[in-house]
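Enquirer: The structure that follows is given in the form of structure tokens.
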Amino acid sequence: MTAPTARHPAPTIALHWLMALLIISAFFLGLTVADMPLSPTKFKWVAWHKWLGVTVLGLLALRLLLRALLSAPALPESMSAHAKTMAKLGHAALYALMLAVPLTGWLMSSAYGFPVVYLKLIALPDLVAKNKELGDALREVHVLLNWALAAAVAGHVLAALKHQLVDRDKLLARMSLRRS
């Protein structure tokens, strides 16, 4: 076993876990409402799904700002160059998908003519004109990107567990909610 690696700054850790919770919640809420018949409950849950997506988008902006201001700790020297490259590519994919998924949802809502009103308080602008065919295409893209994000998150979790349980390099401690 190796010594613990340096930790991420506390705001980064808090945002990581908050966003993980919100993304997982939005994913399962989206799966739940996808096949529901039209009803007041469906409209309410779709609104919550949109609110989660907009919140993720806002927190992503904050997280990118923090990433620019607060440097991440270096990866362990014990990691191979290939593993470090894969970690960087995996994180880039996660960031790109955390941006693309809510944006395609917002675009889809706009194309279908359903406004996004964040928390019933802030009407967000339509990003495209109403166009059912575009909405249908964006729905397919949104669904595919969600599954890609789910796969990327699963890969991220599996890599973290591999580092913790197989490599025993304590890499998971970098993002732990509790100090070890």
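First residue of the sequence shown? That's -13 in my numbering, and the numbers climb one at a time after it.
Glycine included, every Cβ here is placed at the ideal spot set by N, Cα and C.
1. What does DSSP give as the partner residues of residue 104 in its beta bridges?
2. Quick one: measure Cβ to Cβ for residue 117 and residue 140, integer angstroms, because I've assumed they're closer than 8 Å.
3. Please check the pair residue 87 and residue 142, which I expect to be a contact at CB under 8 Å, by giving their CB distance rounded to whole angstroms.
4. Thinking residue 93 and residue 124 are a contact (beta carbons under 8 Å), I'd like their distance in whole angstroms, please.
5. Taking the alpha carbon of residue 44 as the reference point, which residue from 76, 5, 58 has its own alpha carbon closest?
6. Classify residue 108 as buried or exposed, calling it buried when 16 or more other Cβ atoms lie within 10 Å of its own Cβ.
7. Given a threshold of 16 other Cβ atoms within 10 Å of its Cβ, counted over all protein chains shown, does residue 155 qualify as buried or as exposed?
8. Answer with buried or exposed for residue 102, where buried requires no fewer than 16 other C-beta atoms within 10 angstroms of its C-beta.
9. Based on Cα-Cα distance, which residue from 56, 30, 36 lies nearest to residue -7?
10. Ordered along the chain, which non-local residues of its own chain (more than five positions away) have a Cβ less than 8 Å from that of residue 105?
11. Could you give the uninterrupted runs of the alpha helix (DSSP H) lying entirely in the stretch 45 to 126, keeping only those of 4 residues or more?
12. Would you kindly check if the distance between the Cβ of residue 7 and the Cβ of residue 34 is under 8 Å?
13. Anyone know if the C-beta pair for residue 18 and residue 3 falls short of 8 Å?
Expert: Taking the geometry as given:
1. 108
2. About 34 Å separates the two Cβ atoms, so there is no contact after all.
3. Contact flag wrong, Cβ pair sits at about 15 Å.
4. Yes, residue 93 and residue 124 are in contact; Cβ-Cβ is about 5 Å, under 8 Å.
5. 5
6. exposed
7. buried
8. Flag for residue 102 reads buried.
9. 56
10. 37
11. 67 to 98
12. no
13. no
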